[in-house]
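Enquirer: Residue numbers (our numbering), protein chains in the order written: chain A, 1 to 368; chain B, 369 to 466.
Structure in structure tokens, see below.
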Amino acid sequence: MSQPFTVHQYHPYTAPGDAITQQMVFLRHAFRDAAIGGEIFSSVNYAPEAYQIRKFVPARLWDCDLLLIHHSQGNPQLDLLLNMPLNKAMVYHNITPAHFFRHDGEMSRLANQGRRQLESYRASTSLAFAVSEFNAEELRAMGFSDVRLLPLFDLKPSSFHSPTGPIREDGVRTLLFVGRVCPHKNQMQLLEILYYLNRFGSTKYRLVLVGKQDLLYRRYLDELIHLWKLEDWVEFRTGLNTVQLETCYRSADAFLCVSQHEGFCVPLLEAMRFDLPVFANLRAAIGETLGNSGVQILSHRSEQIAECVDTILSDPKALEVILNSQAERVVELEKTQSAAFAQAQIRSVLTQMRFPEKKFLELPAEQQ
Amino acid sequence: MIFRILADSKLSDTLNEKVSARVDEKLRTIGDFAQKARRSWDSRPSHVSIARYAIFRALHQEFSGEGLPGLPTLLGAGRRLFRAAPWLKRGILGGRTK
Numbered sequence: 001m002s003q004p005f006t007v008h009q010y011h012p013y014t015a016p017g018d019a020i021t022q023q024m025v026f027l028r029h030a031f032r033d034a035a036i037g038g039e040i041f042s043s044v045n046y047a048p049e050a051y052q053i054r055k056f057v058p059a060r061l062w063d064c065d066l067l068l069i070h071h072s073q074g075n076p077q078l079d080l081l082l083n084m085p086l087n088k089a090m091v092y093h094n095i096t097p098a099h100f101f102r103h104d105g106e107m108s109r110l111a112n113q114g115r116r117q118l119e120s121y122r123a124s125t126s127l128a129f130a131v132s133e134f135n136a137e138e139l140r141a142m143g144f145s146d147v148r149l150l151p152l153f154d155l156k157p158s159s160f161h162s163p164t165g166p167i168r169e170d171g172v173r174t175l176l177f178v179g180r181v182c183p184h185k186n187q188m189q190l191l192e193i194l195y196y197l198n199r200f201g202s203t204k205y206r207l208v209l210v211g212k213q214d215l216l217y218r219r220y221l222d223e224l225i226h227l228w229k230l231e232d233w234v235e236f237r238t239g240l241n242t243v244q245l246e247t248c249y250r251s252a253d254a255f256l257c258v259s260q261h262e263g264f265c266v267p268l269l270e271a272m273r274f275d276l277p278v279f280a281n282l283r284a285a286i287g288e289t290l291g292n293s294g295v296q297i298l299s300h301r302s303e304q305i306a307e308c309v310d311t312i313l314s315d316p317k318a319l320e321v322i323l324n325s326q327a328e329r330v331v332e333l334e335k336t337q338s339a340a341f342a343q344a345q346i347r348s349v350l351t352q353m354r355f356p357e358k359k360f361l362e363l364p365a366e367q368q
Numbered sequence: 369m370i371f372r373i374l375a376d377s378k379l380s381d382t383l384n385e386k387v388s389a390r391v392d393e394k395l396r397t398i399g400d401f402a403q404k405a406r407r408s409w410d411s412r413p414s415h416v417s418i419a420r421y422a423i424f425r426a427l428h429q430e431f432s433g434e435g436l437p438g439l440p441t442l443l444g445a446g447r448r449l450f451r452a453a454p455w456l457k458r459g460i461l462g463g464r465t466k
């Protein structure tokens, strides 16, 4: 019997609700189910004890076969990590362009640093994982020679509680968006669409915005809400646990995304899993995640998007077609967004690392 | 095309026509929506206090890059004036010309 494999993971920052942290926890579970050990390390941890995140101390990493370094914004420990005598691979989560953080000097600096550090990875490791084909293409274009996919989460039905239909019956349609309240997620346009809908739509709409908040941008949205008198129609939710988040999906009539940058956009799939019709533009990786499903918005004009939402939500035949297409897309993605796929991907890499040539398995020609 | 439903291209075309017609019809009545929505921040609506409107304008400048109407013209004129008469700039800024 061979020595079990160990895969440690590192990200500078971990927190509950953070997409990278969620993926690290999912991967650790998936790996352990396949008898691959390993821990999650971080320098700054806000996640509760249940996440079992270990404080990063370089000496604790010595025993691993592979160190997965999750990368998004700048990583202050990167030079130290890349100089350690370990097998390493980057897990790339994409980097939001710095121009979306003009109002936040620190975020802007980290975004620029994160992009510069991709060069350091390329010089130090040949292997990289990406969470979407969109991200993988970006790495290949930079010269990464071996880029493979890793799932973000497990899409199988048992990962969710019992999905049912809308649970609010007050005659107001609920539009939902889940994602950090910040400029590149473009909640400002969602408010503009809501403003149009509630003035000219066939019925009243409310907008539920779930996610952590950039405080300055939130203040901007508050002022817009006041200006357009939308106070009674917008709800912000933050710090939700899994059940509360699932309730938001179950209470909504549609998921609307006009984000300007997404490396994958997990909430699109969560919405599909909860049988919510998805309306989304095709920026960055969104088109890849949607595949042939949902309503793919091509216009940037708020009145056209609003009218599209209002018309389709009033058309049962259209809704049936859209929900069927989404159900098919979920089945397609279950193949790659699964623990089994994560296990297969990591096993193939670990086997290659431990037995690079596998020549000892081959008999010499004269003995064959 | 405003949107597409790849699962059913015929339905997609029909709905696009319907949505497009509805938008045109409404815009004939209400005028250009984008202009109308945005006009509401060009001047202070009566229900918004002066303090909140000032905060909104500052944040709006930050996140949309749109300044107060007339402000770019005023700043441009100021810059041209200072270029033509640097002594005036020194006088106004107390010697700090950079």
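C-beta atoms are modelled at their ideal positions from N, C-alpha and C, and glycine is treated no differently.
Checking the sheet assignment: what are the DSSP bridge partners for A/Y13?
Expert: According to DSSP, which records beta bridges pairwise, A/Y13 is partnered with A/V44.
Enquirer: Please confirm whether A/M272 and A/N87 have their CB atoms less than 7 angstroms apart.
Expert: No. Outside cutoff.
Enquirer: Using a Cβ-Cβ distance cut-off of 7 angstroms, determine whether B/G463 contacts chain A.
Expert: Residue placement at B/G463 is flagged as unreliable, the pLDDT there being 48, under the threshold of 50; the coordinate-derived value follows with that caveat. Chain A, which has no Cβ nearer than 7 angstroms to the Cβ of B/G463, makes this no.
Enquirer: By a C-beta neighbour count over all protein chains shown, 10 Å radius and 16 as the cutoff for buried, is A/I312 buried or exposed?
Expert: Classification for A/I312: buried.
Enquirer: Could you tell me the alpha carbon to alpha carbon distance between A/L224 and A/V234, rounded to whole angstroms?
Expert: For A/L224 and A/V234, the distance between alpha carbons rounds to 11 angstroms.
Enquirer: For the alpha helix (DSSP H) holding A/N324, just list the boundary residues, first then last.
Expert: Run containing A/N324: P316 to E334, per the alpha helix (DSSP H) assignment.
Enquirer: Can you check which of these residues, A/R173, A/A98, A/I36 and A/G263, is closest to A/Y249 by C-alpha distance?
Expert: Minimum Cα distance to A/Y249 is reached at A/R173.
Enquirer: Can you tell me the Cα-Cα spacing of A/C265 and B/S411, whole angstroms?
Expert: Going by the C-alpha atoms only, they are around 37 angstroms apart.
Enquirer: When you check each C-beta in the stretch 301 to 325 of chain A against every C-beta of chain B, which residues fall closer than 9 angstroms?
Expert: Cβ contacts with chain B come from R301, S302, E303, Q304, I305, A306, E307, C308, D310, T311, I312, D315, K317, A318, V321, I322, N324 and S325.
Enquirer: Apart from the five residues on each side of it in sequence, which residues of its chain come closer than 6 angstroms, Cβ to Cβ, to A/I36?
Expert: Result list for A/I36: F5 and V7, in chain order.
Enquirer: Less than 8 angstroms between the CB atoms is what I'm expecting for A/Q73 and A/F41, so what's the real figure, rounded?
Expert: That belief does not hold up - the Cβ atoms of A/Q73 and A/F41 are roughly 17 angstroms apart, past 8 angstroms.
Enquirer: Can you tell me whether A/S348 is buried or exposed, with buried defined as 16 or more other CB within 10 angstroms of its CB?
Expert: It counts as exposed.
Enquirer: Could you tell me whether any non-hydrogen atom of the ligand GDP is closer than 6 angstroms to the CB of A/K335?
Expert: The ligand GDP is absent from the structure shown, which contains no ligand whatsoever.
Enquirer: Going by CA-CA distance only, name the one from A/I305, A/H93, A/E262 and A/K229 that's closest to A/L256.
Expert: The residue with the shortest Cα to Cα distance from A/L256 is A/I305.
Enquirer: Short of 8 angstroms Cβ to Cβ, which residues in the stretch 201 to 232 of chain A face chain B?
Expert: If the cut-off is 8 angstroms between Cβ atoms, the stretch 201 to 232 of chain A has L216, Y217, R219, Y220, E223, L224, H226, L227, W228 and K229 near chain B.
Enquirer: Can you tell me whether A/Q213 is helix, strand or coil according to DSSP?
Expert: DSSP places A/Q213 in strand when its eight states are reduced to three.
Enquirer: Enumerate in chain order the residues of its own chain whose CB-to-CB distance from A/M24 is below 6 angstroms, with the five nearest sequence positions on each side excluded.
Expert: Excluding sequence neighbours, A/M24 sits near Q9 and I40.
Enquirer: Counting only beta-carbon atoms, is B/K386 nearer than 7 angstroms to chain A?
Expert: Yes, its Cβ sits closer than 7 angstroms to a Cβ of chain A.
Enquirer: Looking only at its own chain, which residues have a Cβ that is under 8 angstroms from the Cβ of B/P437, when we skip the five neighbours before and after it?
Expert: Because the pLDDT at B/P437 is just 48, under 50, the model does not fix this residue reliably, and the value given afterwards should be weighed accordingly. D410, listed in sequence order.
Enquirer: State the Cα-Cα distance for the pair A/L290 and A/A342, rounded to the nearest angstrom.
Expert: When rounded, the distance between both Cα atoms is 21 angstroms.
Enquirer: Just the Cα atoms here: how many angstroms apart are A/S251 and A/L175?
Expert: One C-alpha to the other measures close to 9 angstroms.
Enquirer: Return yes when the Cβ of B/L379 is within less than 7 angstroms of the Cβ of A/V321, no when it is not.
Expert: Yes, Cβ-Cβ distance for A/V321 and B/L379 is below 7 angstroms.
Enquirer: Can you confirm whether B/K378, when its beta carbon is compared against all beta carbons of chain A, has any partner nearer than 7 angstroms?
Expert: Output row for B/K378: interface = no.
Enquirer: With DSSP collapsed to three states, give me the class of A/I312.
Expert: A/I312 falls in the helix class under three-state DSSP.
Enquirer: A/P4 touches chain B at which residues, Cβ-Cβ below 8 angstroms?
Expert: Per Cβ cutoff of 8 angstroms: no residues; A/P4 is ~45 angstroms from chain B at best.
Enquirer: What is the DSSP secondary structure of A/D146, reduced to helix, strand or coil?
Expert: The answer is strand: DSSP assigns A/D146 an E or B state.
Enquirer: Pull out every residue of the stretch 173 to 191 of chain A whose Cβ sits closer than 9 angstroms to any Cβ of chain B, in chain order.
Expert: Here the close residues are P183 and M188.
Enquirer: Output needed for B/P440: all residues of its chain with C-beta closer than 6 angstroms, excluding positions within five of it in sequence on either side, in chain order.
Expert: Residue placement at B/P440 cannot be trusted, given a pLDDT of 47 that sits under 50; the coordinates are not used to answer.
Enquirer: Taking Cβ positions, are B/R390 and A/E307 nearer each other than 7 angstroms?
Expert: Against a cut-off of 7 angstroms, the Cβ pair of A/E307 and B/R390 comes out as a contact.
Enquirer: Can you give me the Cβ contacts of A/N281 inside the same chain, cut-off strictly under 6 angstroms, excluding the 5 residues immediately before and after it?
Expert: So the list reads V258 and I297, once near-sequence residues are dropped.
Enquirer: At the 7 angstroms Cβ level, is B/T382 part of the contact set with chain A, yes or no?
Expert: It does not: the Cβ of B/T382 has no partner Cβ on chain A nearer than 7 angstroms.
Enquirer: Find the residues of chain B that neighbour A/L298, judging by a C-beta separation of less than 7 angstroms, and give them in chain order.
Expert: The contacting residues are M369, I370, F371 and R372.
Enquirer: According to DSSP, A/C257 sits in a beta bridge with which residue or residues?
Expert: According to DSSP, A/C257 bridges with A/A280.
Enquirer: Taking 6 angstroms as the limit between beta carbons, can you name the residues of its chain near B/N384, skipping five residues before and five after?
Expert: M369 and I370, listed in sequence order.
Enquirer: Does the stretch 102 to 113 of chain A come within contact of the stretch 66 to 80 of chain A, defined as at least 3 CB pairs closer than 8 angstroms?
Expert: Contact holds: three or more Cβ-Cβ distances are below 8 angstroms.
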